[in-house]
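K.L.:
Here you go, one structure.
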Amino acid sequence: MQAVTLGPAGTYSHRAARAVADDVAFRESVTSIVQAVADGTFERGVVPIENSIEGSVTESLDAVANSEVSVVQEIVTPIRHALLAQSANFDVVASHSQALAQCRSYLEENYPDAKLEAVASTARGVERARADPTVAGIGHPDNASASHAEGSQTESDAPGDDLEIIAEDIQDQSSNATRFLVIGPESARSDAGGKSSLVVYPNANYPGLLLELLEAFAERDINLSRIESRPSGNRLGDYLFHIDADAGLYEERMQGALEAVEAIAKNGWVRVLGSYDTRHVLY
1 MQAVTLGPAG TYSHRAARAV ADDVAFRESV TSIVQAVADG TFERGVVPIE
51 NSIEGSVTES LDAVANSEVS VVQEIVTPIR HALLAQSANF DVVASHSQAL
101 AQCRSYLEEN YPDAKLEAVA STARGVERAR ADPTVAGIGH PDNASASHAE
151 GSQTESDAPG DDLEIIAEDI QDQSSNATRF LVIGPESARS DAGGKSSLVV
201 YPNANYPGLL LELLEAFAER DINLSRIESR PSGNRLGDYL FHIDADAGLY
251 EERMQGALEA VEAIAKNGWV RVLGSYDTRH VLY
């Protein structure tokens, strides 16, 4: 099986994807990853969905809502950020916007004058640091080594020498962790698993709408581990809801909740992404 995730080699997404497949390909955006799975180019995609410090990854939410895909597994992994550079003398810190945000307090306290540059991934920031002595990157400490093997032939060919680890564990909270969704084609959707995800577009707006959606689960003793609204894109003030429920689609109570939600969204739609289990990956 081949999986696709955010590249280049060495990203946190790459590390999560290696728990799914030995053969990992790369794309530069979450949207292109989800689309590559939806059109059959790849069997699986791995995308970040939520971080314990910065919250949800909105591009992932929108891409999943707008594509014919399923969720077949979630991977939870701790995030260890290190500041990597050719020396302690740098003017720019380049990394993914989420990584910059997760290290905001450290950077403000120790490098208040450094320019923060958002790039496509943490690995791209490390590449910038390897090529430019005025740039530091944020990534896993292992990324300091130019020859560190990440399960990809391309990474061992990375240009430049090893970087210095200026500081380790610079994330603002030691409990920093990220959830990744393993995306499959719609045909891979399963009813088995301890957790289910769905996207609901009620195409309505009236007092008590959200309460009705919540009651569909509460009345059946189903815990919602996450519910989040996102703009529908159809008009201002119009929203859809991403829901994660701690119950499998095979359960009668979940089937009843789904029927109730579909009745509430009779003028809109409900996309059931599937049931799945959680895997914890340490590195």
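Take the sequence shown: its letters are residues 1 to 283, numbered as in UniProt numbering. Ideal Cβ placement from N, Cα and C applies to all residues, glycine included.
Using a Cβ-Cβ cutoff of less than 7 Å, which residues in the same chain neighbour residue 21 once the five nearest sequence positions on both sides are dropped?
P.N.:
Closer than 7 Å at the Cβ level, and outside the excluded window around residue 21, lie 1, 2, 3, 44.
K.L.:
Do the region 98–117 and the region 59–77 meet, that is, are 3 or more Cβ pairs less than 8 Å apart?
P.N.:
Too few Cβ pairs lie closer than 8 Å, so no.
K.L.:
Beta strand (DSSP E) containing residue 165: first to last residue?
P.N.:
Where residue 165 is concerned, the enclosing beta strand (DSSP E) stretches over 164–168.
K.L.:
Which term fits residue 213, buried or exposed, when burial requires 16 or more other beta carbons within 10 angstroms of its beta carbon?
P.N.:
With 16 or more Cβ atoms within 10 Å of its Cβ, residue 213 is classed as buried.
K.L.:
Specify, as a first and last residue, the run of the beta strand (DSSP E) that residue 67 falls within.
P.N.:
Careful: residue 67 lies outside any beta strand (DSSP E) and carries neither H nor E.
K.L.:
Please state whether DSSP places residue 12 in a helix, a strand or coil.
P.N.:
Correct three-state label for residue 12: helix.
K.L.:
Which residues in the same chain as residue 164 place their Cβ atom closer than 8 Å to its Cβ, once the five residues preceding and following it in sequence are excluded?
P.N.:
Here the set comprises 84, 85, 86, 87, 88, 144.
K.L.:
Are residue 211 and residue 273 touching if we call contact CB-CB under 8 Å?
P.N.:
Result no, Cβ atoms of residue 211 and residue 273 do not sit closer than 8 Å.
K.L.:
Would residue 249 pass as a contact of residue 275 if the rule is Cβ separation under 8 Å?
P.N.:
In contact: residue 249 and residue 275 (Cβ atoms closer than 8 Å).
K.L.:
Once the 5 residues before and after residue 247 are set aside, which same chain residues still bring their CB inside 7 Å of it?
P.N.:
Cβ neighbours of residue 247 beyond the five flanking positions: 196, 222, 253, 254.
K.L.:
Who are residue 201's beta bridge partners in DSSP?
P.N.:
DSSP, once it has assigned bridges, lists 269 as partnering residue 201.
K.L.:
How is the beta strand (DSSP E) around residue 122 delimited, first residue to last?
P.N.:
No beta strand (DSSP E) holds residue 122; the alpha helix (DSSP H) holding it covers 122–131.
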